[in-house]
Ligand code: F3S
């Protein structure tokens, strides 16, 4: 088989429009399977075969040949060597085509012809079961769909533009009926291949859909080497926190998380569907009906903890043990004469939480410049800790600046090993590939850091939340692609990207 793209989907999803445009952009032959059925209609008519006589029709089509060729950019259909293009749109042709298309012999002859075409060239073919029956070995399978409402609206607009009267409710009812028939018909029912990429075009323009399919088709044709980081995805602390909330949803009474459990919209949305409410502020706590609050892996300050307890909430603490260790250091150091320096983002909830366990104010720094301007009295005992997700290299540079000031410095490298391993692996992969994909939530600090690290090694680094954000046309230029993901990225999202790329 040459290179083949199979496009299946319900009627009105725009399959043929899209397939023709992709074919043009990629120099593929668009196989119009509908035109082939019409070609059979013409053949039956010219041969004088009774379309209701299944045996006669089956016998007549058994040796038929068919070819689709392009002349000056226009598709021509040849049946037994005769160009029948001009007659394809005739009403009688359409009627005959639908009468004979239900015969298994017609179907199997056409499938054989379609496979022959795919064997002798690079094709894109659309229909109802191309990916499952006609071309199960196609390099790319797309299941193109759109909501019934969207398809009805598109059809309604089309008719209006042609000046034909149209009732949108009637069109929608027709589409629903047709969908049901297509899925349950005996001959070639509409089926999605297990390995098809589903593309819901309801909120997409034609150009966006073409871009998406073309990008995927180019990537599959190129067949780049893909390296998935072993450390991509949920870390131990996040896994534990997310599991804790899902376990708690099995209990009764109101359930809350203090802040979003992880920086990932799809997980937060799913938890919301399970009845979990996010409390963001002390005011939210005051107004909320009493119930259970799960503390996320970032942890919270002592004040928040006490407020929740005093207000009568049941607390389930899913603070990561690595963060709890920093809380302990913070408490101990700030109980004595020494100074605590926290290297991290002062606006990040983890750092806010750490500060909230200090018995006197700590100093938070994030940059080498801030480290430069740090001044304590001579001989001060300075303990340095880090936000768990801080960039190791930057942390070491900051530590060196502080050490050089001559204080009694005690360095506690509290960067989580999961973060360190993830960053090291991402850097190593990014240095060897043409393009790197970093998957994670917009608000996830460890994802942003991963992106920075990869971008330094590989200029073609893409930061995405889900597969839908990926610029596939650009990515298609790469011969090798690396994939990593932040600690709050669910496996399902990573797998979707991996599978599609
Ligand atoms: Fe904990 Fe490290 Fe994850 S600190 S939450 S295991 S990144």
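Residue numbers (my numbering): 370 to 870. We treat Cβ as the ideally placed atom computed from N, Cα and C, and that holds for glycine.
Residue i and residue j closer than 8 Å at C-beta
i, j, result
"residue 395", "residue 586", "yes"
"residue 736", "residue 776", "no"
"residue 543", "residue 379", "no"
"residue 826", "residue 796", "yes"
"residue 384", "residue 376", "yes"
"residue 660", "residue 622", "yes"
"residue 671", "residue 848", "no"
"residue 514", "residue 562", "no"
"residue 487", "residue 407", "no"
"residue 863", "residue 596", "no"
"residue 752", "residue 782", "no"
"residue 427", "residue 498", "no"
"residue 759", "residue 713", "yes"
"residue 554", "residue 537", "no"
"residue 540", "residue 374", "no"
"residue 728", "residue 757", "no"
"residue 551", "residue 559", "yes"
"residue 462", "residue 456", "yes"
"residue 437", "residue 398", "yes"
"residue 743", "residue 789", "no"
"residue 490", "residue 371", "yes"
Bridge partner(s) assigned by DSSP for residue i
i, result
"residue 708", "751"
"residue 445", "438"
"residue 944", "Nothing can be reported for residue 944, as the shown portion of the chain is limited to 370 through 870."
"residue 661", "624 and 683"
"residue 493", "374 and 399"
"residue 646", "625"
"residue 830", "805"
"residue 733", "711"
"residue 514", "569"
"residue 509", "374"
Expected contact under 8 Å - CB spacing of residue i and residue j to nearest Å
i, j, result
"residue 664", "residue 646", "Not confirmed; about 15 Å, so no contact."
"residue 928", "residue 842", "As shown, the chain starts at 370 and ends at 870. That puts residue 928 outside it, with no answer to give."
"residue 590", "residue 508", "7 Å"
"residue 866", "residue 836", "5 Å"
"residue 402", "residue 495", "7 Å"
"residue 610", "residue 666", "4 Å"
"residue 722", "residue 654", "With 8 Å as the limit, residue 722 and residue 654 do not qualify as a contact, their Cβ atoms being about 15 Å apart."
"residue 676", "residue 651", "6 Å"
"residue 625", "residue 662", "5 Å"
"residue 768", "residue 698", "Rounded, the Cβ-Cβ distance is 15 Å, inconsistent with contact."
Count Cβ pairs between the region 636–644 and the region 703–714 that sit closer than 8 Å; are there 3 or more?
The region 636–644 vs the region 703–714: no contact.
Indicate whether the contact test is met: 3 or more Cβ pairs, each with one atom in the region 810–820 and one in the region 851–870, closer than 8 Å.
yes
What runs of the alpha helix (DSSP H), each 4 residues or longer, lie entirely inside the region 523–569?
537–553
Whether or not the region 420–427 and the region 469–477 are in contact is what I'm after, with contact meaning three or more pairs of Cβ atoms, one per stretch, closer than 8 Å; do they touch?
Three or more Cβ pairs closer than 8 Å define a contact, and the region 469–477 meets that threshold against the region 420–427.
Using 8 Å as the threshold, is the region 407–417 in touch with the region 444–452, meaning 3 or more CB pairs across them?
yes
Which runs of the alpha helix (DSSP H) at least 4 residues long sit entirely within the region 575–638? Give them in chain order.
575–591 and 605–617
Runs of 4 residues minimum, wholly inside the region 446–474: which ones carry the alpha helix (DSSP H) assignment?
460–469
Would you mind listing the alpha helix (DSSP H) stretches within the region 829–868 that are 4+ residues and don't spill past its ends, in chain order?
List check, alpha helix (DSSP H) in window: 841–844.
Quick one: complete alpha helix (DSSP H) runs, 4+ long, within the region 380–426?
For the region 380–426, the continuous alpha helix (DSSP H) assignments of 4+ residues that do not extend past its boundaries occur at 384–395 and 402–416, in sequence order.
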